[in-house]
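Data block below; observations after.
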Amino acid sequence: MHGERNSKSMETVKIKVAARGDEYAPVVPVIVPDLSEVREFAARLHAEGVAWAGEAFGWPAEYNPERPEPPLDSKMTFTPADFCIGESRIWFFSLMWEGGKDAEPAEFLDDSNVIGKQQAE
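Take a look at the structure:
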């Protein structure tokens, strides 16, 4: 199975969940994957070069291969391949092969709501 979960590749962290307004923001435990394993998974999808969407490491994820046509309103000459996993405003990680399919991808990690690791009980 794509992005299979195991105890070595997962970490429990505390996430502050934004509420409407400036009211109470609950803190909940969330399991996030090890980024090195996410990178390996994305690299395998990128090597296959086939669009994919599903669940990986317990999170929604998708991969889109490079396309020859440029993005709308862009000076780029092609649409780069991209991979993303997670949920915006909770935990999110993405890779984009801006320099072409053979270049190293640019990374973006939004873990701004992660406030700490969950202590084992």
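Just so we're aligned, residue -1 is where the sequence shown starts under the numbering used here, counting upward by one.
Ideal Cβ placement from N, Cα and C applies to all residues, glycine included.
Mind checking residue i: buried by the 16 CB within 10 Å criterion, or exposed?
i, result
"residue 45", "exposed"
"residue 53", "exposed"
"residue 28", "buried"
"residue 113", "exposed"
Please report how far the alpha carbon of residue i lies from the alpha carbon of residue j, in whole angstroms.
i, j, result
"residue 22", "residue 106", "28 Å"
"residue 5", "residue 50", "The predicted position of residue 5 is uncertain, since its pLDDT is 47 and thus under 50; a value taken from the coordinates is nonetheless stated next. Cα-Cα distance, rounded: 25 Å."
"residue 109", "residue 86", "10 Å"
"residue -1", "residue 9", "Legend: pLDDT at residue -1 = 43, less than 50; position of this residue unreliable, value from coordinates given subsequently. Roughly 20 Å separates the two Cα atoms."
"residue 3", "residue 11", "With a pLDDT of 48 at residue 3, under the threshold of 50, the modelled position of this residue cannot be trusted; read the value that follows with caution. Going from the Cα of residue 3 to the Cα of residue 11 covers about 16 Å."
"residue 111", "residue 76", "33 Å"
Do the CB positions of residue i and residue j come within less than 8 Å of each other?
i, j, result
"residue 41", "residue 62", "no"
"residue 15", "residue 30", "no"
Does the beta carbon of residue i fall short of 7 Å from some heavy atom of the ligand NAP?
i, result
"residue 45", "In terms of ligand content, the structure shown is empty, and the ligand NAP therefore cannot be addressed."
Helix, strand or coil for residue i, going by three-state DSSP, please let me know.
i, result
"residue 105", "strand"
"residue 46", "helix"
* Taking one C-beta from the segment 69 to 78 and one from the segment 29 to 41 each time, how about it: are there three or more such pairs within less than 8 Å? -> no
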